[in-house]
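In the working numbering, the protein residues as written are 22 to 131. A virtual CB, placed ideally from N, CA and C, is assigned to each residue, including glycine. Report on the structure given below.
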């Protein structure tokens, strides 16, 4: 798989690019918290709004970078899109389960 050599957002002096960079920083922080089960995603302080915000930012990232990803990755873009859709679907089902049961822990937690 080829590496992405050019930044997907070229310069932050443009207000639109600056906003995209801020969205990316926020998404990165939320993803780290989610994957580590900390901050707004810990089982004792789970924040549904943070989950919704992360979904919004993931969708925004995909929409804004599709062309650049296709240019860099070619045919591999379809595999990435399939993986992202599968992961987002799993997260949607997990979110529905959490709202229905009130269980916000990780598998195996009591």
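Query, Result
"Span of the alpha helix (DSSP H), counted from its first residue to its last, around residue 116", "97-122"
"Residue 35 - containing alpha helix (DSSP H), residue span", "No alpha helix (DSSP H) contains residue 35, which DSSP labels as neither H nor E."
"Buried versus exposed call for residue 84 [16 or more other C-beta atoms within 10 Å across all chains shown]", "exposed"
"Close Cβ partners of residue 90 (< 6 Å) along its chain, the five nearest in sequence each way excluded", "98"
"Bounding residues of the alpha helix (DSSP H) (the contiguous stretch that carries residue 85)", "69-94"
"Beta-carbon gap between residue 78 and residue 47 smaller than 8 Å", "yes"
"Where residue 72 falls, given that 16 or more other Cβ within 10 Å makes a residue buried", "buried"
"Beta-carbon proximity of residue 64 to residue 126, cut-off 8 Å", "yes"
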